[in-house]
Amino acid sequence: MSHPLLMIPGPVELSAAVCAAAAEPPLSHTSPPFIARFAGALRAMRTLWRVGLEHQPFIVAGSGTLAMEMAVANTLEPGQRAIVADTGYFSRRMAEILARRSVSVQRVGGRLLEGGMPAVSPQALIEAIERADGPVHAVFITHVDTSTGVRCDVRALAAAVRAVSSEVIIVVDGVCSVGGEVLDQEGWDLDVVLTASQKALSAPPGLALLVASPRVFAARERLTVPPPLLFDLLSWLPVHQSYEKGRPAYFATPATSLVSALHTSLEEIISEGIDLAVARHARSAEAMRRAWSVLGLRLVAEQESCAANTLSALWLPEGVDGTFPAKVAARGVTVAGGLHPELLLKGPYLRVGHLGWVTSQPERLLHTVRAVGDALIDSGTPVDPDAAVAAASAVLNLS
Ligand SMILES: *Cc1c(COP(=O)(O)O)cnc(C)c1O
Numbered sequence: 059m060s061h062p063l064l065m066i067p068g069p070v071e072l073s074a075a076v077c078a079a080a081a082e083p084p085l086s087h088t089s090p091p092f093i094a095r096f097a098g099a100l101r102a103m104r105t106l107w108r109v110g111l112e113h114q115p116f117i118v119a120g121s122g123t124l125a126m127e128m129a130v131a132n133t134l135e136p137g138q139r140a141i142v143a144d145t146g147y148f149s150r151r152m153a154e155i156l157a158r159r160s161v162s163v164q165r166v167g168g169r170l171l172e173g174g175m176p177a178v179s180p181q182a183l184i185e186a187i188e189r190a191d192g193p194v195h196a197v198f199i200t201h202v203d204t205s206t207g208v209r210c211d212v213r214a215l216a217a218a219v220r221a222v223s224s225e226v227i228i229v230v231d232g233v234c235s236v237g238g239e240v241l242d243q244e245g246w247d248l249d250v251v252l253t254a255s256q257k258a259l260s261a262p263p264g265l266a267l268l269v270a271s272p273r274v275f276a277a278r279e280r281l282t283v284p285p286p287l288l289f290d291l292l293s294w295l296p297v298h299q300s301y302e303k304g305r306p307a308y309f310a311t312p313a314t315s316l317v318s319a320l321h322t323s324l325e326e327i328i329s330e331g332i333d334l335a336v337a338r339h340a341r342s343a344e345a346m347r348r349a350w351s352v353l354g355l356r357l358v359a360e361q362e363s364c365a366a367n368t369l370s371a372l373w374l375p376e377g378v379d380g381t382f383p384a385k386v387a388a389r390g391v392t393v394a395g396g397l398h399p400e401l402l403l404k405g406p407y408l409r410v411g412h413l414g415w416v417t418s419q420p421e422r423l424l425h426t427v428r429a430v431g432d433a434l435i436d437s438g439t440p441v442d443p444d445a446a447v448a449a450a451s452a453v454l455n456l457s
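The working numbering applies: residue 59 is where the sequence shown begins, and numbers increase by one.
Structure follows, in structure tokens:
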């Protein structure tokens with residue numbers, strides 16, 4: 059590999075075509091080639107998120123956190139009530155964003171059990187809605203929390219919420235899931251599903267993406283305290299509608315190079331087919347989990363059924379410390395350390411991304427397994443990296 063392999067949960071490895079698109083001289087935001095790419099990216103989002111013309115996709119310069127801010131600022135105002143399903147650091151970030159908007163927030167779950175971090179159950183969510191001191195206006199679910207590797211069953215959680223209310227706004231932080239996990243915004247009746255360009259969509263960092271339902275626009279219209287101008291979906295709506303119809307418009311300059319790269323990446327996913335892309339993530343995750351098990355690394359997620367397909371969060375063995383990612387980096391692979399403060403109190407842990415385009419590159423996945431295995435040996439843990447690589451290869455059908 060000519061560069062250190064980027065195996066953190068975003069930014070991720072990119073295809074050569076996506077890198078080339080990002081490196082082209084910038085286009086004018088009103089030029090026909092840019093209009094075609096922006097429109098193509100918006101249409102591709104409808105396919106990936108599984109929504110029709112009633113829903114509206116948005117692409118705004120910023121990171122995933124901007125999309126989180128926009129989801130909150132356009133649906134809730136001070137004094138309203140929200141529930142956050144807590145599966146880690148990013149759920150808590152959402153709670154912090156809500157608290158700063160003076161929304162009354164209650165977190166459900168988020169406690170590390172003996173066996174690991176659990177997902178939030180539909181029963182726990184419904185009990186929280188029923189026990190709340192007043193009407194709940196919105197529920198926030200992190201599909202995959204990148205700090206714990208825990209995946210919530212969004213379909214079951216949303217169905218449980220809809221069984222008690224057709225009004226509640228359901229927001230899904232899909233930053234570590236869109237493009238890598240099964241997700242159906244319209245079919246599951248979700249109001250906002252948001253992500254960022256640098257995760258499973260395999261584009262460079264710098265774009266916030268979200269799709270909003272008609273319920274979101276109704277909530278936005280009712281707000282008495284409007285969002286800041288840049289965060290306001292109503293600032294962006296005419297521009298996005300116009301581009302999707304093939305006409306330029308201006309509110310604030312789009313990140314033309316990033317949109318070009320995103321367009322290339324989304325076209326790659328769509329030409330493969332979203333179902334196949336998601337299945338590829340499931341197979342890669344299975345391969346990585348077999349390898350981790352051979353290396354004696356235990357998942358942070360309480361159960362394999364709630365372990366994400368987009369990354370692995372793994373406890374490090376006794377005697378291995380927080381310098382472990384540097385030992386893996388010395389072998390040409392960049393992985394991440396722990397992120398959730400409460401988990402770090404228990405001990406150091408490791409996060410390895412296996413999301414996006416790289417899941418179509420089995421030799422990079424196996425190289426990662428070998429680097430982690432060799433680094434464990436460097437750290438004084440006797441393991442068998444060959445056996446781990448063989449276990450992963452068998453799942454990837456490479457043996
Ligand atoms: C990465 C991530 C975010 C934050 O995205 P940024 O682009 O870093 O702002 C939010 N939620 C989840 C689940 C993430 O993985």
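Ideal Cβ positions, reconstructed from N, Cα and C, are used throughout, including at glycine.
Quiz item: For ligand 1, any of its heavy atoms closer than 6 Å to the Cβ of D231?
Solution: yes
Exercise. Taking Q114 as the reference, give the member of L259, V250, L403, S260 with the closest Cα.
Key: V250
Exercise. Using DSSP bridges, identify the partner residues of Q407.
Key: Before going on, a small fix: residue 407 reads as Tyr here, not Gln. W373, per the DSSP bridge assignment.
Practice problem: For T311, count neighbouring Cβ atoms within 10 angstroms of its own Cβ and tell me buried if that reaches 16, exposed if not. | Solution: exposed
Practice problem: Verify the contact flag: G238, CB atom, against every heavy atom of ligand 1, threshold strictly below 6 Å. | Solution: no
Self-check item: Spatial neighbours of A394 in its chain, beta-carbon cut-off 7 Å, leaving aside the 5 residues before and after
Solution: I66, P67, P383, R409
Quiz item: Closest by CA to E326, which one among S60, C77, L63, L64?
Solution: C77
Quiz prompt | Sheet register partners of A359 (DSSP bridge) | solution = M175
Self-check item: Inter-stretch contact at 8 Å, needing at least 3 Cβ pairs: the stretch 161 to 180 / the stretch 134 to 149
Solution: yes
Quiz item: Regarding S318 and ligand 1, is the C-beta to nearest heavy atom distance less than 6 Å?
Solution: no
Self-check item: Coil, strand or helix - T426 by DSSP
Solution: helix
Practice problem: Give the single residue among R338, G232, T426, P375 whose Cα lies nearest to the Cα of R356. | Solution: P375
Exercise. May I ask you to check if the CB of T322 is nearer than 6 Å to at least one heavy atom of ligand 1?
Key: no
Quiz item: Do F148 and ligand 1 come close, with the Cβ less than 6 Å from some heavy atom?
Solution: yes
Quiz prompt | Rounded straight-line distance, which links the Cα of G137 to that of H195 | solution = 10 Å
Self-check item: heavy atom of ligand 3 below 6 Å from C210 C-beta
Solution: Because ligand 3 does not appear in the structure shown, any question about it cannot be addressed here, the ligands present being ligand 1.
Quiz item: Under a three-way DSSP split, which group does Q299 fall into?
Solution: helix
Quiz item: In chain order, what residues of the same chain have a beta carbon less than 7 Å from the beta carbon of H398, not counting five sequence neighbours either side?
Solution: G146, Y147, S205, T206
Quiz item: Under three-state DSSP, which class holds V447?
Solution: helix
Practice problem: Please state whether DSSP places F309 in a helix, a strand or coil. | Solution: coil
Practice problem: In angstroms with no decimal places, state the Cα-to-Cα distance between E330 and S235. | Solution: 18 Å
Quiz item: In three-state terms, what does DSSP make of V76?
Solution: helix
Quiz item: I117 to P443, Cα distance in whole Å?
Solution: 42 Å
Exercise. Alpha carbon to alpha carbon, how far is A261 from R348? Give it in angstroms, no decimals.
Key: 28 Å
Exercise. Using the Cα positions of M103 and L324, report the straight-line distance between them to the nearest angstrom.
Key: 8 Å
Quiz item: Does the Cβ of K394 lie closer than 6 Å to at least one heavy atom of ligand 1?
Solution: Note that residue 394 is Ala in the sequence shown here, rather than Lys. Answer for A394: no, Cβ out of range of ligand 1.
Quiz item: For T145, is the beta carbon positioned less than 6 Å from some heavy atom of ligand 1?
Solution: no
Practice problem: Tell me, please, whether the stretch 71 to 88 touches the stretch 272 to 290 by the rule of three or more beta-carbon pairs shorter than 8 Å. | Solution: no
Self-check item: Beta-carbon gap between A450 and L424 smaller than 7 Å
Solution: yes
Quiz item: Roughly how many angstroms separate the alpha carbons of E344 and E360, rounded to a whole number?
Solution: 16 Å
Quiz prompt | T368 versus A452: straight-line alpha-carbon distance, rounded | solution = 19 Å
Quiz prompt | For A143, the nearest candidate out of G192, A182, M126, H412 (CA to CA) | solution = A182
Quiz item: Should S370 be labelled buried (16 or more other beta-carbon atoms within 10 Å of its own) or exposed?
Solution: buried
Quiz prompt | Which of helix, strand or coil DSSP assigns to V197 | solution = strand
Quiz item: Is S121 near ligand 1, going by C-beta to nearest heavy atom under 6 Å?
Solution: yes
Practice problem: With S162 as the anchor, note down where its beta strand (DSSP E) starts and where it stops. | Solution: 162 to 167
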